[in-house]
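Take a look at the structure below.
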Amino acid sequence: MNALSARMLTRNRSLGPGAGPRGCGEEPAPPRKGEAAAEARKSHSPVKHRRKAQRLCVAYEGLDSEKGEKAKSLKVPVWEPQDWQQQLVNIRAMRSKKDAPVDHLGVEHCYDSSAPPKVRRYQVLLSLMLSSQTKDQVTAGAMQRLRAQGLTVDSILQTDDATLGKLIYPVGFWRSKVKYIKQTSTILQQRYGGDIPASVAELVALPGVGPKMAHLAMAVAWGTVSGIAVDTHVHRIANRLRWTKTATKSPEETRAALEEWLPRELWHEINGLLVGFGQQTCLPVRPRCQACLNQALCPAAQGL
């Protein structure tokens, strides 16, 4: 051992075990006596197994713009007629004077506003039953005669069929309506305490009451918009304007077709608006297209 090696050995011993930095292949210094005992105790203690770490898969949401684009792509477009909004604006303008028969003689004007609520609702339903296949002027006249006799469930049931027929004549199908009015009044007295039902399903179950009457009764008598009331005027005009995706053959088909796209906030307005328009301008025979603001926008007008 030369002098240099001796100096290095002496220096390492003076630093003590583990004092200097270890090389990559250098073995650790042997433990002291106390440390060896501690290590022995550790070797006999129960080993706690660490739970294996689970990998978490995190799904990151896209940007708001990306979510918006996906929502747009998933949204199914709703069919709507061409130019319907402008057509509606024009019809409102033509109906602004409110001078059609329906505006003064419709169901809203046929009941006694001073009567108790139950009686008013019954009179609304009765006027609707009379209005089927009948002009508003004739219906209003029949209601005036009935009200003069005291128009309640009890008074109708106490009136014989012949007298009731004379009071409502000449409404359309007056003989059948005498029978329906008596049957319906009996049901209302027995099942509803003289009031009318508050649902479309129960109303259409009454003799002589159809879907249009039921939806109008819900709106006028109960203040509830349950659907679009479609009569012959609404049915005719909706098909002329192509407000149905395909041509419809009945008012009920037209109602279903209109409710698919027409905004719900317009459902209550559309019946009175189109009925008056049909009474004054869009007539069943020889419609007055020359006086109609929708002449250039109406598909039916192009073929006339």
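In this note's numbering, the protein residues as written are 33 to 336. Cβ atoms here follow ideal geometry from the backbone N, Cα and C, with glycine treated the same way. Bear in mind that the values here come from a model prediction, so they are computed numbers and not experimental data.
Checklist line | Backbone secondary structure at Pro316 - three-state DSSP | finding: The residue you call residue 316 lines up with position 284 of the sequence shown. If DSSP states are grouped into helix, strand and coil, Pro316 belongs with coil.
Next item on the list: Count the other C-beta atoms from every protein chain shown that fall within 10 angstroms of the C-beta of Ala209, then say buried if there are 16 or more, exposed otherwise.
Entry: To locate residue 209, count along the sequence shown from 1; it is residue 177. Looking at the sequence itself, residue 209 is Lys, so the reference to Ala does not match. Counting Cβ neighbours within 10 Å, Lys209 comes out buried, since at least 16 surround it.
Next item on the list: Please classify Ser231: does DSSP put it in a helix, a strand, or coil?
Entry: Here residue 231 refers to the residue found at position 199 of the sequence shown. The answer is coil: DSSP assigns Ser231 none of H, G, I, E or B.
Check: What did DSSP end up calling Gly154 once you bin it into helix, strand or coil?
Finding: Position 122 of the sequence shown, counting from 1, holds the residue named residue 154. Residue identity differs from the one stated: residue 154 is Tyr in this sequence, not Gly. Looking at Tyr154 - three-state DSSP - the assignment turns out to be helix.
Check: Using the beta-carbon count (16 or more within 10 Å), is Gly52 buried or exposed?
Finding: On the sequence shown, position 20 is the one that residue 52 refers to. At Gly52 the pLDDT is 42, less than 50, meaning the model places this residue with poor confidence; the figure from the coordinates comes in the next sentence. Burial call: exposed.
Checklist line | 4-residue-minimum alpha helix (DSSP H) runs that sit fully inside the stretch 195-225, ordered along the chain | finding: 206-223
Next item on the list: Tell me where the alpha helix (DSSP H) around Ala251 begins and ends.
Entry: Taking the sequence shown and counting its residues from 1, the one referred to as residue 251 is at position 219. Element bounds for Ala251: 243-252.
Item checked: Contacts around Gly197, its chain only, beta-carbon distance under 7 Å, and the 5 residues preceding and following it disregarded -> Along the sequence shown, one-based indexing puts residue 197 at 165. The answer, listed in chain order, is Trp206, Arg207, Val210.
Margin query: Less than 9 Å between the beta carbons of Leu160 and Val139, yes or no?
Written below: Along the sequence shown, read from residue 1 onward, the residue named residue 160 stands at position 128. Along the sequence shown, read from residue 1 onward, the residue named residue 139 stands at position 107. Yes. Within cutoff.
Notebook entry, point to check: Can the beta-carbon of Trp111 be found less than 9 Å from the beta-carbon of Lys277?
Noted result: Taking the first residue of the sequence shown as position 1, residue 111 is located at position 79. Taking the first residue of the sequence shown as position 1, residue 277 is located at position 245. Going by C-beta atoms, Trp111 is nearer than 9 Å to Lys277.
Check: By Cβ distance below 6 Å, which residues in the same chain neighbour Arg287 in space, the five residues on each side in sequence not counted?
Finding: The residue given as residue 287 occupies position 255 in the sequence shown. The answer, listed in chain order, is Ile260, Val262.
Check: Taking the Cβ atom as the reference point for each residue, do Thr256 and Ala279 lie within a distance shorter than 9 Å?
Finding: Within the sequence shown, numbered from 1, the residue matching residue 256 stands at position 224. Within the sequence shown, numbered from 1, the residue matching residue 279 stands at position 247. Contact: no.
Checklist line | C-alpha distance - Arg320 paired with Trp293, whole-angstrom precision | finding: Position 288 of the sequence shown, counted from the first residue, corresponds to residue 320. Position 261 of the sequence shown, counted from the first residue, corresponds to residue 293. Approximately 27 Å between the Cα atoms of the pair.
Next item on the list: For Asp135, name the three-state secondary structure that DSSP assigns.
Entry: Start at 1 with the first residue of the sequence shown, and residue 135 comes out as number 103. Looking at Asp135 - three-state DSSP - the assignment turns out to be helix.
Check: Nearest-angstrom Cα distance between Leu157 and Asp168?
Finding: Position 125 of the sequence shown, counting from 1, holds the residue named residue 157. Position 136 of the sequence shown, counting from 1, holds the residue named residue 168. Between Leu157 and Asp168, the C-alpha separation is close to 15 Å.
Next item on the list: Spatial neighbours of Cys314 within its chain, please: CB distance less than 6 Å, with the 5 preceding and 5 following residues excluded, ordered by chain position.
Entry: Working through the sequence shown from its first residue, we reach residue 314 at position 282. Hits under 6 Å: Ile269.
Next item on the list: Please list, in chain order, all residues of the same chain as Trp299 whose beta carbon is under 6 Å from its beta carbon, the five residues on each side excluded.
Entry: As a first step, residue 299 is located in the sequence shown; it is residue number 267 there, counting from the start. Contacts found: Val257, Ile260.
Next item on the list: Return the chain-ordered list of same chain residues with a C-beta closer than 7 Å to the C-beta of Gln119, the five sequence neighbours on each side being excluded.
Entry: One-based indexing of the sequence shown puts residue 119 at position 87. Excluding sequence neighbours, Gln119 sits near Leu273, Asn326, Leu329.
Item checked: Residue from His267, Gln181, Glu284, Arg296 with nearest C-alpha to Pro316 -> Start at 1 with the first residue of the sequence shown, and residue 316 comes out as number 284. That would be His267, whose Cα lies nearest to the Cα of Pro316.
Check: Taking C-beta to C-beta, are Ser145 and Arg153 nearer than 9 Å?
Finding: Within the sequence shown, the letter at position 113 stands for residue 145. Within the sequence shown, the letter at position 121 stands for residue 153. Their beta carbons are not under 9 Å apart, which means Ser145 does not touch Arg153 by this criterion.
Next item on the list: Please state if the CB of Leu183 and the CB of Ile200 are separated by a distance shorter than 9 Å.
Entry: Residue 200 sits at position 168 when you count from the first residue of the sequence shown. Residue 183 sits at position 151 when you count from the first residue of the sequence shown. No, the pair does not count as a contact, with Cβ atoms beyond the cut-off.
Notebook entry, point to check: What is the DSSP secondary structure of Asp186, counted as helix, strand or coil?
Noted result: Sequence index remark: in the sequence shown, residue 186 carries index 154 (1-based). Looking at Asp186 - three-state DSSP - the assignment turns out to be helix.
Notebook entry, point to check: So the alpha helix (DSSP H) Trp293 belongs to, where does it begin and stop?
Noted result: Within the sequence shown, the letter at position 261 stands for residue 293. Unbroken alpha helix (DSSP H) run through Trp293: 283-293.
Check: Do you know offhand how far Pro113's Cα is from His265's?
Finding: Along the sequence shown, one-based indexing puts residue 113 at 81. Along the sequence shown, one-based indexing puts residue 265 at 233. C-alpha separation (whole angstroms): 18 Å.
Margin query: On the criterion of 16 or more Cβ atoms from any shown chain inside 10 Å, does Ser128 qualify as buried, or is it exposed?
Written below: Taking the sequence shown and counting its residues from 1, the one referred to as residue 128 is at position 96. Result: exposed.
Checklist line | Cβ neighbours of Trp3 in the same chain (closer than 7 Å, five flanking residues each side left out) | finding: Lying before the first or after the last residue shown, residue 3 is absent from the chain, which here runs from 33 to 336.
Notebook entry, point to check: For Gly310, which of helix, strand or coil comes out of DSSP?
Noted result: In the sequence shown, residue 310 corresponds to position 278, counting from 1. Here Gly310 sits in helix by DSSP.
Next item on the list: With hydrogens ignored, establish whether the beta-carbon of Val236 is closer than 8 Å to any heavy atom of the ligand GTP.
Entry: Among the components of this structure there are no ligands whatsoever, and the ligand GTP is therefore not found.
Note to self: With H, G and I counted as helix, E and B as strand and the rest as coil, what does DSSP make of Glu301?
What the structure shows: Counting from 1 along the sequence shown, the entry for residue 301 is found at position 269. Reduced to three states, the DSSP call for Glu301 is helix.
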